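If you're matching them up, the sequences are chains A and B in order. Mapping to my numbering: the first sequence position 203 is 203, numbers consecutive. Remember, my numbering sits 1000 above the position in the second sequence when you count from 1. The C-beta atom is built at its ideal place from N, Cα and C for all residues, glycine as well. Bear in mind the structure is a predicted one, so any value in this text is a computation, not a measurement.
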Amino acid sequence: MNALTGAWDWLSDPAHWSGDDGVWHRLAQHLVLTVVCLVISCLIALPVALVLGHLGRGGALAVNISNIGRAVPTFAVLVLLLLTPLGKWGEGPTVVALVLFAVPPLLTNAYVGMREVDRSVVSSARGMGMTGRQMLFHVELPLSLPMVMNGVRIAAVQLVATATIAALAGGGGLGRIITAGFNLASTPQVVAGAILVAVFALIVEGIFEIAERLAPRWARGIR
Amino acid sequence: MTAPPDDCLARNEWICGEYLSTRRQILLDAVVQHLQLTAVSVLVGLVIAVPLAVLARRWGWAAGPVLAVTTILYTIPSLAMFSLLLPVYGLSATLVVSGLVLYSLTLLVRNILAGLRAVPEETRQAARGMGYGPIRLLLTVELPLAVPASMAGLRIATVSAVSLVTVGAIVGFGGLGNLIYAGMNTYFKAQVLTASVLCVVIAVAADLLLLAVQRLLTPWTRAARG
Chain A
1 MNALTGAWDW
11 LSDPAHWSGD
21 DGVWHRLAQH
31 LVLTVVCLVI
41 SCLIALPVAL
51 VLGHLGRGGA
61 LAVNISNIGR
71 AVPTFAVLVL
81 LLLTPLGKWG
91 EGPTVVALVL
101 FAVPPLLTNA
111 YVGMREVDRS
121 VVSSARGMGM
131 TGRQMLFHVE
141 LPLSLPMVMN
151 GVRIAAVQLV
161 ATATIAALAG
171 GGGLGRIITA
181 GFNLASTPQV
191 VAGAILVAVF
201 ALIVEGIFEI
211 AERLAPRWAR
221 GIR
Chain B
1001 MTAPPDDCLA
1011 RNEWICGEYL
1021 STRRQILLDA
1031 VVQHLQLTAV
1041 SVLVGLVIAV
1051 PLAVLARRWG
1061 WAAGPVLAVT
1071 TILYTIPSLA
1081 MFSLLLPVYG
1091 LSATLVVSGL
1101 VLYSLTLLVR
1111 NILAGLRAVP
1121 EETRQAARGM
1131 GYGPIRLLLT
1141 VELPLAVPAS
1151 MAGLRIATVS
1161 AVSLVTVGAI
1171 VGFGGLGNLI
1181 YAGMNTYFKA
1191 QVLTASVLCV
1201 VIAVAADLLL
1211 LAVQRLLTPW
1221 TRAARG
């Protein structure tokens, strides 16, 4: 319990919250990093998954990429990129490594969601004379939205968690508080940093949970 | 004074045979540590997860809390998890193992529970009708039938553990992660690439091994397909 009171003391010291190494600055870096990577990953993964799901092709590819993605350590990818010419680009390697990490769950969930749409519904849409584009946007996408959003949620929470690893390679974000604590051999600071990241991850999880609870009401409103 | 040797190590190339031959022992030690950390974590995770899943299956009210706690554990970042456990275990291999155990619990409990729930009621009634007691029913009917779902979870947990071990480098027990971390600080390209590739090889090999074990454990799934 000593470590927890120490962490509390660390967190309640206003000096630790301001400045370039302060909590607010690190939190802002972490937030920007997470949001930027999530947006880029969605822009890459979702169109591909939706089109593949609509055409019913490349399913094995979409699922296997996800399995391969799990086997590749993000930390290793980050360090590898850091040693390439890309490493000179500030946060470049971190963004690329995190995007590579977030794409697989997005791809798999969106693809599976598209394929799980009731085939008879798709057939009747086609029977009503809908074009492929209309079927995709008015039938398949709305029906698979819960699965697609579940993928976004998984990716978002994992991004928050994994963005800490950037600090191991000298990047910004909340992980910096933890690594700095390790270098100073200050257990209270390490634990305080860990608590901050965990709370951040849980807040993101909570935001998605609330959005999910509210979503069906909008969906019904549209009908 | 001799001139520095002009080999791929001196030129700091990504792929370097010289590196493999001169640092074989270091690489081997790192691989062994990596395998040990992964295996111990997953086995301990399994030993804890099976009773938890069986309890959650037996008493419905236990399922909610068990799943909630393991899911919250999963959302804690690996770096944060290692640092939260730091005051308890200090800088040790136990720290890395307990962090990884907590991670694997989510995947294992979920999958084992799903497997147990999928056992058909008729099957269980038939076993009861044949005079099976609850323990015998669990050990010889329910758990074997839950093997395919459990193995799916075990494979994901193992592959994730192999890649998460690398983060243990922050406390000095990261297996191949140690080499990646050291290689990053010294700009040693061959070491970073070799260690990263070995991580992926270990993950893929472990996955295939578990797939083979699953096929051996569930001969009936193959017989059914004829």
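Per the Cβ contact rule, the segment 1036-1054 of chain B is in contact with the segment 1144-1160 of chain B (3 or more Cβ pairs under 8 Å). In the structure shown, Ser1092 (chain B) falls within a coil segment according to DSSP collapsed to helix, strand and coil. Residue burial annotation: Lys1189 (chain B) is buried, with at least 16 other C-beta atoms found within 10 angstroms of its C-beta.
Contact note: Phe208 (chain A) does not reach chain B at a C-beta cutoff of 9 Å; the least C-beta distance is about 11 Å. Secondary structure at Ile207 (chain A): helix, using DSSP grouped into helix, strand and coil. What Leu1043 (chain B) touches in chain A, judged by beta-carbon distance under 9 Å, is nothing: the nearest beta carbon there is about 19 Å away. Apart from sequence neighbours up to five positions away, the residues of its chain that approach Ser66 (chain A) with a beta-carbon distance below 8 Å are Pro104, Pro105, Leu107, Thr108, ordered along the chain.
About 6 Å separates the CB atoms of Arg26 (chain A) and Gly173 (chain A); that is less than 8 Å, so the two are in contact.
Glu205 (chain A) and Arg153 (chain A) have their C-alpha atoms roughly 7 Å apart.
One finds nothing in chain B with a Cβ atom closer than 9 Å to the Cβ of Ala28 (chain A); even the nearest lies about 18 Å away. For Ile165 (chain A), the closest Cβ of chain B is nearer than 8 Å. If you ignore the 5 residues before and after Gly69 (chain A), its C-beta comes within less than 6 Å of the C-beta of Pro104, all in its own chain and listed in chain order. Between the segment 122-131 of chain A and the segment 154-161 of chain A, the count of C-beta pairs closer than 8 Å stays below three; the two stretches do not touch. Judged by their CB atoms, Leu1198 (chain B) and Trp1014 (chain B) are not nearer to each other than the 8 Å cut-off. If you ignore the 5 residues before and after Gln189 (chain A), its C-beta comes within less than 6 Å of the C-beta of Trp10, Gly181, all in its own chain and listed in chain order. The shortest C-alpha to C-alpha distance from Asp20 (chain A) to any of A:Leu202, A:Arg176, A:Leu184, A:Ala198 is the one to A:Arg176.
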